[in-house]
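J.: Protein chains in written order, with my numbering: chain A, 32 to 351; chain B, 32 to 351; chain C, 32 to 351.
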């Protein structure tokens, strides 16, 4: 596995291997010195052409805990509006001698293009409405930890499916791992066709609540209101928001996820986030570091972690 | 000591212990490799919600010389104007697995609030008009080095006391360490009441000059002029500025401090800063690194530095 | 060699020693862990008072591969428009305990001034129209690798000589290393006098093409158009641009250089950059890291690299 561009490129075995390695890295993070020398001497560039403090910090920590060198390349998208300039920029960074580039870009497909231009490993950290594969991996990690397995589980993804890279990546990850997925939202926020995905569609959340193993709430973007795709936040909440009343109708074992930051009082109520232990939002954030360690290790390291025989201390395991 | 939120939380013994450890770290900084592995594997986030190149760089260097990992979290305060968002942001950073958060915020009390929200050690790097405890510690460090002890020394703090977190923290640190403190400035720049502090008040600097062991000049902020709290910079200088003439009337052993950046020709004249060896401004900057090492070590490390028996090389002393 | 302020300060032996060390560091960069502990414990501040992602990233990587600690000090030039403030800023950074400062500034001579104010090693990373010595070193490195030696080689530097620090530094480096240099461009873009340099002047590129060993194309800045120093980009290209037709008239062994970013269709055509292996632009970027390692090592390290006896592993050679 040289790149991570899309969940679609991964089969169930590879997804599972990544999650298994993330479990091992999560154990590393509980040690007094939570680091391994696995990527010592490797250079990872964080090329965020779109702002993202959370995802960038998470990749930054993940790379350092693997002992990689991290270079931040923050770029306003304005100076890179032409594909030509993006290519020049990326080729220039690559020429300095780097091993992996973590790319966030507002254009769908930009990380894929970059993987054709340069020889480094490319990790997609979110591209337009297309994909956000490490988000889907960390969400799968949390659901697997809370539910044991995704096999046969029923997960609703609720909100603005059409404009969400998180929804796209999660539909693919959850179904590949054996879950039954229903996407829920008003027709204006559904993709034109769902035939690329093995999912069901619903326009009402209420009938599903009692049978869900997980509900995944997406963030409502205010620009959707401006585009008149949603009548109002109040209207959205009344039909699709996870109110305390709706939360009560979820099974006790159900998991409540949101990629953050949450619009309290729109897709989820404060009463739910404040008191309901089924809310896994901070678990999702915490999962970001070991999951991204697993991804960087798979694209740059010697293979599965730990390297070497299972019974003996492997070089990748030595504490830095 | 889990947090450093306010000088008020520290008794004289703790203040002295911090300054003693800062002395030891100052010695570390003279070595050819000026580092110790004391905080290896610990992650320190610099969460500056208000710009500060100087204080941030000083904490950054301090954390690295202790071998901690440092993550910069730079945030425009605009996107975090609501307390709710600040909490979300802070909880998200914490969920990534960090040990300490160094916080600067324009709201008084923000670091204290954050210490209730998350389990990490919080170090206040300046909050509104409230406190700037590491500044007071580094100032105390410099005065103790230059004067031997603060016990019984007379220190004037001059300028805009009312709107200065530096003044608040220093009044508390200097008096706790046994100094006699007089705050000096026009009535418009004095706090409404000085009863919380064991200090004297004066509205003229001249009568005090001959008996001072130290004069601490605060920076005049231009917005005070806009608020008509000061008639003009010229007027302020004529009554409170440290001119060469006033400097001549200070004792030879007196120390002249300023937290920087200085308004030359307002609170202090260039003639003084250029030629007078009693000016300790660069000593104050230099003290920032060992003092902040001591603070980070106290909140995150195994206790006093060096750890272990005094006579044998302690693990915290080994060079990285 | 304490500072690197200008190519003019270096004699041919020192230039050659730097390039020889850069060759050795280029070998280090091919190792599986491309680092040496040569500058362990040293702190390098990147003080870029003018934006530069490329040069800054290159210095950042160079310093880390030498195991130095790197502190980024990014400053908008606006807050530092007065020389007085620059001095305060620089003295403050220095007081925190740093060993070298890499300076980019829009004012010619700023790095030289700074070297008089503070005791750290200063490396000029580009100052106004004055000098960009590490660019000239990396260009010389690439030309020496491709041509064997610069001795007796004929190099044309083409474009806006008058306003280019790259041109100034390269004229001096190339001639010091024994090359014959011709500067080529319209009269409006030539320096008022070329007597400080041992170079020839031409106002047409075409007659030279067949005899050149290298052609160095400078970037046309759009502000020169605004100042009516160039009639139009089209006019510039027709007289001085490296079109495919002109490239065909260059010798097979000739090297085509550009400091980047390129204006395709102005100083060089896309047809040339896309297909012509004589174009060395990415080699130039790649050379930046080992050349800047050599520079930092010369100003901060124990002298020539590797330190110690040639036949035995030197401490500077040990892998970190």
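Where a beta carbon is used, it is the ideal one built from N, C-alpha and C, also for glycine. Just so we're clear, the structure is a prediction, and the values are computed from it rather than from any experiment.
In terms of residue numbering, what span does the alpha helix (DSSP H) encompassing residue 178/C cover?
T.: Within the third chain, the letter at position 147 stands for residue 178/C. Run containing residue 178/C: 164-178, per the alpha helix (DSSP H) assignment.
J.: Going by the CB atoms, is the gap between residue 203/A and residue 323/A shorter than 9 Å?
T.: Taking the first residue of the first chain as 1, we reach residue 323/A at position 292. Taking the first residue of the first chain as 1, we reach residue 203/A at position 172. Contact flag unset, no.
J.: Could you give the residue range of the alpha helix (DSSP H) that holds residue 256/C?
T.: Locating residue 256/C in the third chain gives position 225, counting from the first residue. Its alpha helix (DSSP H) spans residues 253-257.
J.: Using beta-carbon positions only, say whether residue 329/C and residue 155/C come within less than 9 Å of one another.
T.: Mapped onto the third chain, residue 329/C falls at position 298. Mapped onto the third chain, residue 155/C falls at position 124. No, the pair does not count as a contact, with Cβ atoms beyond the cut-off.
J.: For residue 341/A and residue 70/A, I'd like the C-alpha separation in whole angstroms.
T.: Residue 341/A sits at position 310 when you count from the first residue of the first chain. Residue 70/A sits at position 39 when you count from the first residue of the first chain. Low confidence applies here, because residue 341/A scores a pLDDT of 33, under 50, leaving its location unreliable and the question unanswered by this model.
J.: For residue 237/A, verify whether its CB is less than 8 Å away from any heavy atom of the ligand SAH.
T.: Absence of the ligand SAH is noted for the structure shown, with no ligands found whatsoever.
J.: Would residue 62/A count as contacting chain B if we go by Cβ distances under 9 Å?
T.: As a working note, residue 62/A is residue 31 in the first chain. Answer yes: the Cβ-Cβ gap between residue 62/A and chain B drops below 9 Å somewhere.
J.: Could you tell me whether the stretch 36-53 of chain C touches the stretch 203-222 of chain C, where touching means 3 or more Cβ pairs closer than 8 Å?
T.: yes
J.: Mind checking who residue 295/C pairs with in its DSSP beta bridge?
T.: Translated into positions along the third chain, residue 295/C becomes position 264. DSSP, once it has assigned bridges, lists 299/C as partnering residue 295/C.
J.: Any contact of the stretch 189-204 of chain B with the stretch 234-252 of chain B, i.e. 3+ C-beta pairs under 8 Å?
T.: yes
J.: Would residue 165/A be called buried (16 or more neighbouring beta carbons within 10 Å of its own) or exposed?
T.: Along the first chain, read from residue 1 onward, the residue named residue 165/A stands at position 134. Residue 165/A counts as buried, since no fewer than 16 other beta carbons sit within 10 angstroms of its beta carbon.
J.: Within the same chain, show all residues whose beta-carbon is closer than 7 Å to that of residue 130/B, passing over the 5 residues directly before and after it, in chain order.
T.: To locate residue 130/B, count along the second chain from 1; it is residue 99. So the qualifying residues of the chain are 73, 74, 75, 151, 152, 331.
J.: Using a beta-carbon distance below 9 Å, is residue 132/B in contact with chain D?
T.: Chain labels in this structure do not include chain D; the protein chains are A, B and C.
J.: Which chain B residues are close to residue 291/A, counting only those with a beta carbon under 7 Å from its beta carbon?
T.: Looking up residue 291/A in the first chain gives position 260. Neighbours of residue 291/A on chain B, chain order: 123.
J.: What is the rounded straight-line gap between the Cα of residue 353/C and the Cα of residue 300/C?
T.: The question about residue 353/C has no answer here: the residues shown for chain C are numbered 32 through 351.
J.: Classify residue 215/A as helix, strand or coil using the three-state DSSP reduction.
T.: Taking the first chain and counting its residues from 1, the one referred to as residue 215/A is at position 184. It is a strand residue.
J.: Within 10 angstroms of the Cβ of residue 227/C, are there 16 or more other Cβ atoms? Answer buried if so, exposed if not.
T.: To locate residue 227/C, count along the third chain from 1; it is residue 196. Flag for residue 227/C reads exposed.
J.: Between the stretch 310-332 of chain B and chain C, which residues of the former have a C-beta closer than 7 Å to a C-beta of the latter?
T.: Answer in chain order: 313, 316, 317, 319, 320.
J.: Pair every Cβ in the stretch 44-54 of chain A with every Cβ in the stretch 50-64 of chain B, then say whether three or more of these pairs are closer than 8 Å.
T.: no
J.: Got a sec: is the Cβ-Cβ distance from residue 84/A to anything in chain C below 9 Å?
T.: Counting from 1 along the first chain, the entry for residue 84/A is found at position 53. It does not; no Cβ of chain C falls within 9 Å.
J.: Could you tell me the distance, in whole angstroms, from the CA atom of residue 122/A to the CA atom of residue 186/C?
T.: Start at 1 with the first residue of the first chain, and residue 122/A comes out as number 91. Start at 1 with the first residue of the third chain, and residue 186/C comes out as number 155. When rounded, the distance between both Cα atoms is 26 Å.
J.: Is it true that the stretch 169-182 of chain A meets the stretch 231-242 of chain A, where meeting means three or more beta-carbon pairs spaced less than 8 Å apart?
T.: no
J.: Using a beta-carbon distance cut-off of less than 7 Å, what residues from the stretch 159-186 of chain B approach chain C?
T.: none
J.: How far does the beta strand (DSSP E) with residue 132/A in it extend, from its first residue to its last?
T.: Locating residue 132/A in the first chain gives position 101, counting from the first residue. First-last of the beta strand (DSSP E) with residue 132/A: 131-136.
J.: Say whether chain B places a C-beta atom closer than 9 Å to the C-beta of residue 119/C.
T.: Here the question's residue 119/C lines up with position 88 in the third chain. Judged by the 9 Å Cβ criterion, residue 119/C is in contact with chain B.
J.: When you check each C-beta in the stretch 86-100 of chain C against every C-beta of chain A, which residues fall closer than 7 Å?
T.: 88, 89, 91, 92, 95
J.: Please list the partners that residue 71/A has in chain C, where partner means a Cβ-to-Cβ separation under 7 Å.
T.: Along the first chain, one-based indexing puts residue 71/A at 40. Per Cβ cutoff of 7 Å: 64.
J.: Given this structure, state the Cα-to-Cα distance separating residue 101/A from residue 95/A, to the nearest angstrom.
T.: Counting from one through the first chain, the residue named residue 101/A turns up at place 70. Counting from one through the first chain, the residue named residue 95/A turns up at place 64. Approximately 7 Å, taken between the alpha carbons.
J.: Would you kindly report the start and end of the unbroken beta strand (DSSP E) that includes residue 52/A?
T.: If you number the first chain from 1, residue 52/A lands on position 21. Run containing residue 52/A: none in the beta strand (DSSP E); it sits in the alpha helix (DSSP H), 43-59.
J.: Give the secondary structure of residue 155/A by DSSP, where H, G and I count as helix, E and B as strand, and everything else as coil.
T.: For the purposes of this step, residue 155/A is taken as residue 124 along the first chain, with counting starting at 1. Correct three-state label for residue 155/A: strand.
J.: So who's on the other strand from residue 38/A, going by DSSP bridges?
T.: Translated into positions along the first chain, residue 38/A becomes position 7. Paired residues: none, contrary to the question.
J.: Beta-carbon separation of residue 159/A and residue 136/A under 9 Å?
T.: As a first step, residue 159/A must be located in the first chain, where it is residue number 128. As a first step, residue 136/A must be located in the first chain, where it is residue number 105. A contact, by the Cβ cut-off of 9 Å.
J.: Bridge partners of residue 100/C, per DSSP?
T.: Along the third chain, one-based indexing puts residue 100/C at 69. In the DSSP output, where bridge partners are listed per residue, residue 100/C has 74/C.
J.: Looking only at its own chain, which residues have a Cβ that is under 6 Å from the Cβ of residue 133/B, when we skip the five neighbours before and after it?
T.: Looking up residue 133/B in the second chain gives position 102. Answer for residue 133/B: 77, 90, 154, 156, listed in chain order.
J.: Excluding five sequence neighbours on each side, which residues of the same chain lie with their C-beta closer than 7 Å to the C-beta of residue 280/B?
T.: Position 249 of the second chain, counted from the start, is the residue given in the question as residue 280/B. Cβ contact annotation for residue 280/B (same chain, cutoff 7 Å, sequence separation greater than five): 240, 241, in chain order.
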